[in-house]
Structures are given as structure tokens and as C-alpha cells.
Amino acid sequence: MERGTKDYVLWSVGIALVLIFALLPVLWLVSLSLKPPDAITDQSFIPTEFSLDNYKSLFEGGIDDSPFIKPLINSIGIALITTVISIVLASFCAYAIARLEFPGKRLILAGALAIAMFPPISTVGPLFDMWRSLGLYDTWPGLIIPYLTFSLPLAIYVLVAFFREIPWDLEQAAAVDGATPFQAFTKVIVPLAAPGTFTAAILVFIFAWNDFLFAISLTSSDASRTVPAALAFFTGESSFTQPTGSIAAAAVVVTVPIIVFVLFFQRRIVAGLTAGAVKG
Amino acid sequence: MSSQTRSERKLAWLLCAPAVLAMLLVTAYPIGYAIALSVQQIDLRFPEESGFVGLDNYASVLSSSLWWEDLFNTVFIMVTTVAIELVLGMAIALVMHRAIFGRGVVRTSVLIPYGIITVVAAFAWQFAFAPDTGFVNNLPLISDEMDWFGGRFSSFAVIIMAEVWKTTPFMALLLLAGLVTIDSQLYEAAKVDGASAWQRFTRITLPLMKPAILVALLFRTLDAFRVFDTIFIMTRGAQDTESVSILGYNQLISRLNLGLGSAVSVLIFLCVFLIAFVFVRGFGTKLEEGRPG
Chain A
6 MERGTKDYVL WSVGIALVLI FALLPVLWLV SLSLKPPDAI TDQSFIPTEF
56 SLDNYKSLFE GGIDDSPFIK PLINSIGIAL ITTVISIVLA SFCAYAIARL
106 EFPGKRLILA GALAIAMFPP ISTVGPLFDM WRSLGLYDTW PGLIIPYLTF
156 SLPLAIYVLV AFFREIPWDL EQAAAVDGAT PFQAFTKVIV PLAAPGTFTA
206 AILVFIFAWN DFLFAISLTS SDASRTVPAA LAFFTGESSF TQPTGSIAAA
256 AVVVTVPIIV FVLFFQRRIV AGLTAGAVKG
Chain B
2 MSSQTRSERK LAWLLCAPAV LAMLLVTAYP IGYAIALSVQ QIDLRFPEES
52 GFVGLDNYAS VLSSSLWWED LFNTVFIMVT TVAIELVLGM AIALVMHRAI
102 FGRGVVRTSV LIPYGIITVV AAFAWQFAFA PDTGFVNNLP LISDEMDWFG
152 GRFSSFAVII MAEVWKTTPF MALLLLAGLV TIDSQLYEAA KVDGASAWQR
202 FTRITLPLMK PAILVALLFR TLDAFRVFDT IFIMTRGAQD TESVSILGYN
252 QLISRLNLGL GSAVSVLIFL CVFLIAFVFV RGFGTKLEEG RPG
């Protein structure tokens, strides 16, 4: 397409619109978070004065009194542990489905699909009751277990799609060349499987990081409350001030790293999202 | 059966068992438990009044106007959201597919909403529309006095727009995956025969994409039916904007009425089952085509 033609201008406008629409809420949160408390209601999209007070208030009081540090640690810890366990279990299962012949293969895939469509609210009541009697209420495992359940179908579908593409014959070729089975696995198969596994890990992490329903239903304190739940219960300095500035600052802190991460690995994420949903 | 196939099967089941157990642990068992709770009177605030009550909880839910109102709200939000994002998602998918330049920019920007926490996005849009902090009321053509969260359908408008913003990328990527499977020679042939761009879209693209569109619609419809986060943050169900998931949460966690709340949970489960059933029954073969491999 030539620069300066009508088509070129139309494309550019269309692309610009998509970009603005996607970025608008993020820019707006950054803007709000930088406004000093007395300017928070000035209704302007671009701040006229800048201050870092909102960010300071998030971390004030250190780990014990800050409203944000503990939820942030909980969010990162719970999402990471969920990701590791989910990927390990899902890779076993996906390896079996992609490489071995056994009855029940289709049943597992269909069951995983059904669980992906399962409404989480239907399990909240029983889990609330069970977790309280088992001592899992308001603990890390209390959230990790449901996250595992609901992230496994996603991880299995993505990994099966990737594992089916791996040229497994290379393993035998390596054996012919004198590699031990362990060497064949670590030197040949692991490097081939790593990109798909990493993609599945990103998707599982984002899933656990995003959850709100379980996080507000199965926790009651900073012992295990994650960032989305903590944001919903943020309070202002007094009951008359809205915590808008603090919420905006906290939102920016948890959003910017994820955006950078997502942009950095965008090809993998697109491949994973479509592999899991369409190739299943 | 040779011993080799037998040991292969054994290995396969051993490998799958942990994942299958983890998936059943928090779905099959709890849904059974929810059914058991739903036929009892269990209110954790009045534990001494517990007991078996049969279908009374279901009768109370189904005869309350709140359940039907919330069901209407949920279906209204679901249908509107999915319809808007189907059109938007298709437009974005076409742009990504046909783009001669800027494809990377578009793909990058559609992934931003995907990576953002739903609660964070809900706060961003709420602050944008709020009469005191928001910039929206400062825009031309919009009254400074507009109280978006003061009315039912203006609240719906903001909720739906936040949901559309957050989930359109997923829709667009699913549609793009279907779009790339279409043989480009078909378009060339149609062009030679004098078909307009619109004709090529309606006669070639849409029919060939039917399976991909149905898969995307099924996924997003079921997902939209579960709408919770955005409404919880924006209105907490005020102005009659409650969804069935919020109703379930309120009964179970806020009021600790496990019996009644479980009846709501089971009914939501049945609704999801019904939607999936209608899709599979109505478009079963098409859905199958949409899942190659």
C-alpha cells in the first residue's frame, strides 16, 4: 500500500482507533494515579499536577500495615504455585493424550472441555463449607486448589496441541546416535516442548492472577486475600474520602508488569489461545 | 491384547490420573454437595433450624421475582455483549488478517485487555464514568450531570462496554484462527467473476467460517453468562443490575444461607448446561468441524 493513498489513510485511522480503545483505560488509570488527592475530581484526562502520593500510600507502614503489600505477595505466590503444579500435572496428561493409545482419551478431553465451561459460582458454596471444616478457608491452598481445577483444562488443551506437533521420532534418532534415554529426553525433547509449555504457563498464570470470585468468597483477611479482592475492599483515609487514587495506583502496579510481559510474549500467547480453543 | 499395549494403557492412565482427580475434586464432588445442600435448610446464622426440606428452596427461588429479574439481567447482558463483540471481533480479525501493515500493532493492542485483571478494568471504566472523577461527562455531547450508575439501563451500558472491551480480543483471535484456514484462491476466483467485497464476505467468508464462529459464540456465551466481577465492582447489583452469579454470592457468602444459595447455584449450573446443550444440539456437526484434530 502506497503512503498518501486514501486506503493508506483509512487503514491508519482504523489501526489508531483500535490502539486508542485498547489503551484508554490503562492511560486513564495512570493519569488518575498521578493526580494529587485534591485534584482527583478535576475530571481531566491528562493530569495538570503530578504527585506520587498515591503510590507512597500503598506501601506506607511496611508489610504489616500497608493495605497492598501482603495481597501483592499473596497474588504472586498463589499464581506462581498454581502455574507450576498445573503445568506439571497437565504435561503428564497431555503427553499421554498426544503420544499414547489408550481408551478414555476422548473422555478426558471432553471432560476437560466440560469443566472449562463449568460455572465457578456453583462450587463456591460447597467449597466455602468444606474449606471451613477442613481448615483451608482463608489459606493459600484454599485458593490454589480451585485455581488448579479450572486452569487444568486450558493447560491440557494447549499442551496437547503443542505436543502433537513435536517430531517425537527425533528421540529414536538420538538413541541411534548413542544418546541415553535420559539424554535424548533432556537434550532433544525438552527444548522442543519448552515453548509450548511456557505458553501454557503464561495462560495459567494470567487465569489465576485474574480471578475474583474465589478470591472474595474463600478468604477473609490479608493472610490469603489476593490483589483483585483487596482492591474491592480498599478503604479511604476516612469514610468520606473515596480511595480512588490508591485503587488507581495499585491497579497500575499490578497491570504494567503484566502488559509488558504480554507484549513481550504476544506471539506465544496468540498461538496458545487459539490452539487451546480451536484445535481442541 | 499384547503386553506392550497393556503397559502403554497403564502408563497413560497413571499419567492422566493426577490431572483428572484434580479436575473432579473441585467440580464433580462440589456439585453433588451443592445438590445435597440445596434440599436442606442450612442457614449458618441459625444453625439449630437445619433440616431436610425437599424442594422448598427451589420453590422459594423460582417463585421469587428477584431470581427472574436477575436471570433477565444476565441474559440481557450476555446477548448484548456477545452480539457486539461478534461484530467488533470480526472487524478486528479481518483487519489483522488483511492488514498489509500494522498487523503487529493491532495484535499487540488487542492483547492488552486480555492481560488486564477484570476487576482493574471495571474500576478504570467506573472511574471514567463516575460523575465526580470521570472524564466521560466532560466530553462533548454528554451532559455534565449524567449519573451513569443512577439508572438501570445506563448502568448496563457501562457494564456491557467494560465487558466488551475486556473480552473482544479473545473473540477476535478465535475468529482469526478460522479466517486463516480459508483458501485465498476462492477470493481471487470470486474477484475475477466480479463479486464485490461485501459479496465475497457474505458468500465466502461467513459460510466457511460458520464452525469457527459457532465455537467462539459457545465459549463466549457461556463465559458471559457467568458475569460477576464487573457488576460487583461497578454497582454491586444496585439499580436492579444484579446477575444470577451475584445473587448466588449474596445468598452463600453475604447471608450465609447455604441451602437457598445452593439452590441458586444448581439452577445456574442447569442454565449453563441448557445453553451448552442447545448449542451442541442445534449446531453439533458444525461445532465438530470447528475443532479439527
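Line by line, the protein sequences give chains A and B.
Just so we're aligned, residue 6 is where the first sequence starts under my numbering, counting upward by one.
Just so we're aligned, residue 2 is where the second sequence starts under my numbering, counting upward by one.
Where is the CB? At the ideal position from N, CA and C, for every residue including glycine.
Check, Outcome
"Straight-line gap, Leu208/A to Ile90/A (C-alpha atoms, nearest Å)", "14 Å"
"Local Cβ density within 10 Å of Asp71/B, reported as buried at 16 or more and exposed below that", "buried"
"Within 8 Å, strictly: CB atoms of Ile51/A and Phe64/A", "no"
"Closer than 8 Å to chain A by CB, Gly294/B", "Note that Gly294/B scores a pLDDT of 35, beneath 50, so its modelled location is shaky and nothing firm can be said."
"Spatial distance of Ala198/B from Leu22/A (CA atoms)", "22 Å"
"Cβ-based burial, Val216/B [other Cβ within 10 Å; buried from 16]", "buried"
"Sub-8 Å separation of Thr294/A and Pro31/B beta-carbons", "Lying outside 6 to 285, the shown extent of chain A, residue 294/A is not represented and no answer is given."
"One or two residues paired with Gly52/B in a DSSP bridge", "Gln42/B"
"Short CB-CB distance (under 8 Å) between Tyr250/B and chain A", "yes"
"Members of the region 251–278 of chain A that neighbour chain B once the beta carbon cut-off is set at 8 Å", "Ile252, Ala253, Ala256, Val259, Thr260, Ile263, Ile264, Phe266, Val267, Leu268, Gln271, Ile274, Val275 and Leu278"
"Gln127/B, buried or exposed, once every other Cβ within 10 Å from all chains shown has been counted against 16", "buried"
"C-alpha gap between Tyr103/A and Phe155/A, whole angstroms", "Looking at the sequence provided, one finds Ala at residue 103/A rather than Tyr. Using only the alpha carbons, I get a separation of about 21 Å."
"Any C-beta of chain B under 8 Å from that of Val283/A", "Below a pLDDT of 50, predicted positions are generally treated as unreliable, and Val283/A, at 46, falls in that range; no measurement from the model is reported."
"Distance between Lys167/B and Ala13/B (C-alpha atoms, nearest Å)", "38 Å"
"Option in Leu15/A, Ile20/A, Phe239/A and Phe270/A with minimal Cα separation from Pro76/A", "Phe239/A"
"Beta-carbon contacts of Thr10/A that lie in its chain and below 6 Å, excluding the five residues immediately before and after", "none"
"Close-in-space but distant-in-sequence residues of the same chain around Thr202/A (CB under 8 Å, 5 per side omitted)", "Ile92, Ser96, Leu164 and Phe167"
"Range covered by the alpha helix (DSSP H) that runs through Leu22/B", "Ser4 to Leu26"
"contact_flag[the region 260–267 of chain A, the region 40–58 of chain A] where n(CB pairs < 8 Å) is 3 or more", "no"
"Contact with chain A by Arg153/B, beta-carbon distance below 8 Å", "no"
"Distance, Ala27/A Cα to Pro114/B Cα", "6 Å"
"Neighbour-count burial assignment, Gly294/B, 16 or more Cβ in a 10 Å radius", "Because Gly294/B carries a pLDDT of 35, less than 50, the predicted location of this residue cannot be relied on, and the following value inherits that uncertainty. Its Cβ having fewer than 16 others within 10 Å, Gly294/B is exposed."
"Cβ-Cβ distance between Val228/B and Ala35/B below 8 Å", "no"
"Residue burial classification, Ala223/A (beta-carbon count within 10 angstroms, cutoff 16)", "Before going on, a small fix: residue 223/A reads as Leu here, not Ala. Label assigned to Leu223/A: buried."
"Test: Val31/A CB closer than 8 Å to a CB of chain B", "yes"
"Cβ distance (whole Å) where Pro125/A is taken to contact Phe270/B below 8 Å", "So it is not a contact: roughly 11 Å between Cβ atoms."
"8 Å contact criterion, which Ser156/B and Thr222/B should meet: CB distance rounded", "At roughly 22 Å, the Cβ-Cβ gap does not stay under 8 Å, so Ser156/B and Thr222/B are not in contact."
"Opposing strand residues paired with Asn251/B [DSSP bridges]", "DSSP, once it has assigned bridges, lists no residue as partnering Asn251/B."
"Three-pair Cβ contact test at 8 Å for the region 139–152 of chain A versus the region 215–235 of chain A", "yes"
"Below-8 Å beta-carbon distance, Val288/A vs any chain B residue", "Nothing about residue 288/A can be reported from this structure: the residues present for chain A run from 6 to 285 only."
"Proximity test, Cβ basis, 8 Å: Glu106/A and chain B", "yes"
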